[in-house]
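J.: Pasting a structure below so you can have a look.
Chains as they are written, first to last, in this note's numbering: chain P, 1 to 398; chain H, 1 to 87.
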């Protein structure tokens, strides 16, 4: 596994940040000039050492693709696979994001639109803007010649990518798949939530107190960025080469709500979680930890809490990582799945940061408000997205 | 603009855009063989030269004949002279 996140540029800093209860929210001073933007907050990741990637590979990469390459290299190293030993055609690369590099897209519009003149566009603009830019760049950089795909389902992209990798491996089409999600911050990304009043706008002068998933005083999400990458591998294949195994994916489901493009829907969330558990042949009582999507929007958290309550009641410990990381959008499902697997490995469940007073509409769950020791044999990870997209994954201890 | 100024500014393009070392930028160096550029880089070279010298080069067929760094210097000098003479 590998990650570049608002808490650091590797898995160790991510895990240490969560363990220490750090919050990555910052005031983005340069964005205050953006008229109409209600929130001035975001959770940026650090872009560093990008020049270690050769220029001819890096030239087609926007910020998110650099994060993706760095996380993918970490994941390969962690899995004990040298870049020059990647098997031809048998390793795939599935990395989702909400959209291509928004900085590159914005730069392109700024160059072209004022005079409707394309003569200032570089050859690489397109490759940074396309929706599969992270998957394409990682595959190109690592010379991966198996299946290359990029699920684009907004904030469910990362978990859908891992689910797609799971499908590719269990169908026998691939032995291994590097998979996950990537995202980069840009004022236009924030704006997509801000215009809907979904961002946290009441904490601009006290950023460390937001976002507040499931909390009475939550007022919206804080956008983050980064990338999480996992190597999903055929179990026997992994055992045969003595690979480190963090968990086994045993169930996955994704579905549409058919209800509303932005409003979450508890009934289809319930259906999604139940279908993932059915596929994994586990009952609600078997699930030891649930990592919630919970972004700290008023409606989304209430719907997810209701869905969890309907299935589990207080029967499963629940936490959201977004109080630490912000909402890393297309990367969230992958980064948070990585954290969930680390919790399973360590036997420690980390709390929902900034959850101080449980909102009445989010009550009736076993909210994790302080770290607790617990053996986790089965975990459930949720991701939900604009467009009425639901995704849920079940992993068990390997 | 003097020849020296054109050479200096062209070198800046290669250093800034293609991250090359100044010491490697000798006039006889072939863009592809010696400096490691490829066909996509030549598109970006044109864009960068346009910005650096405030000229329009994209539709100029002569740019396709450029092979070495000296060719680039010569080409930009020709373009500058043509602009100065109004042709």
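Just so you know, even glycine gets a beta-carbon here, dropped at the ideal spot from N, CA and C. Bear in mind the structure is a predicted one, so any value in this text is a computation, not a measurement.
If you draw a straight line from the C-alpha of residue 38 (chain P) to the C-alpha of residue 32 (chain P), how long is it?
T.: 9 Å
J.: Over what stretch of residues does the beta strand (DSSP E) that includes residue 51 (chain P) continue unbroken?
T.: Counting along the chain, residue 51 (chain P) falls outside any beta strand (DSSP E), and DSSP gives it neither H nor E.
J.: Kindly identify the DSSP beta-bridge partner or partners of residue 317 (chain P).
T.: P:366
J.: Using only CA atoms, which one of P:69, P:202, P:146 lies nearest to residue 441 (chain P)?
T.: An answer regarding residue 441 (chain P) cannot be provided, because it is not within the stretch 1 to 398 covered by chain P.
J.: Could you check what DSSP says for residue 395 (chain P) in three-state terms: helix, strand or coil?
T.: strand
J.: Closer than 9 Å, Cβ to Cβ, to anything on chain P: give me those residues from the stretch 46-59 of chain H, in chain order.
T.: 46, 47, 48, 50, 51, 56, 57, 58, 59
J.: Starting from the Cα of residue 256 (chain P), find the closest Cα among P:200, P:266, P:247 and give me that residue.
T.: P:266
J.: At which residues does the alpha helix (DSSP H) containing residue 157 (chain P) begin and terminate?
T.: 157-170
J.: Taking DSSP as the reference, what is the three-state secondary structure of residue 384 (chain P)?
T.: DSSP, read as helix, strand or coil, puts residue 384 (chain P) in strand.
J.: Would you kindly work out how many angstroms separate the C-alpha atoms of residue 293 (chain P) and residue 245 (chain P), rounded to a whole number?
T.: If you draw a straight line from the Cα of residue 293 (chain P) to the Cα of residue 245 (chain P), it comes to about 24 Å.
J.: What does residue 226 (chain P) pair with, by DSSP beta-bridge criteria?
T.: P:183
J.: Taking C-beta pairs closer than 9 Å, name the residues in chain P that residue 34 (chain H) reaches, listed in chain order.
T.: Within chain P, not a single residue places a beta-carbon under 9 Å from that of residue 34 (chain H); the smallest gap is close to 15 Å.
J.: According to DSSP, is residue 203 (chain P) part of a helix, a strand, or is it coil?
T.: coil
J.: Where does residue 435 (chain P) land, buried or exposed, given buried means 16+ other C-beta within 10 angstroms?
T.: Nothing can be reported for residue 435 (chain P), as the shown portion of chain P is limited to 1 through 398.
J.: Secondary structure at residue 344 (chain P), three-state DSSP: helix, strand or coil?
T.: DSSP, reduced to helix, strand and coil, places residue 344 (chain P) within a helical segment of the structure shown.
J.: Cα-Cα, which of P:398, P:42, P:388 is closest to residue 269 (chain P)?
T.: P:388
J.: Would you kindly work out how many angstroms separate the C-alpha atoms of residue 30 (chain P) and residue 286 (chain P), rounded to a whole number?
T.: 48 Å
J.: Please go through the same chain and pick out, in chain order, the residues whose beta-carbon is closer than 7 Å to the beta-carbon of residue 297 (chain P), but skip the five residues on each side of it.
T.: Excluding five sequence positions before and after residue 297 (chain P), the CB atoms of its chain that fall closer than 7 Å to its own CB belong to 198, 220, 221, given in chain order.
J.: Please classify residue 225 (chain P) as buried or exposed, where buried requires at least 16 neighbouring CB atoms within 10 angstroms.
T.: buried
J.: Residue 57 (chain H) and residue 10 (chain H) - do their beta-carbons sit closer together than 9 Å?
T.: no
J.: Output yes if chain P places a C-beta closer than 9 Å to the C-beta of residue 79 (chain H); else output no.
T.: False, the Cβ-Cβ gap to chain P never drops below 9 Å.
J.: Taking 9 Å as the threshold (C-beta atoms), are residue 149 (chain P) and residue 132 (chain P) in contact?
T.: yes
J.: Could you tell me the alpha carbon to alpha carbon distance between residue 81 (chain H) and residue 75 (chain H), rounded to whole angstroms?
T.: 10 Å
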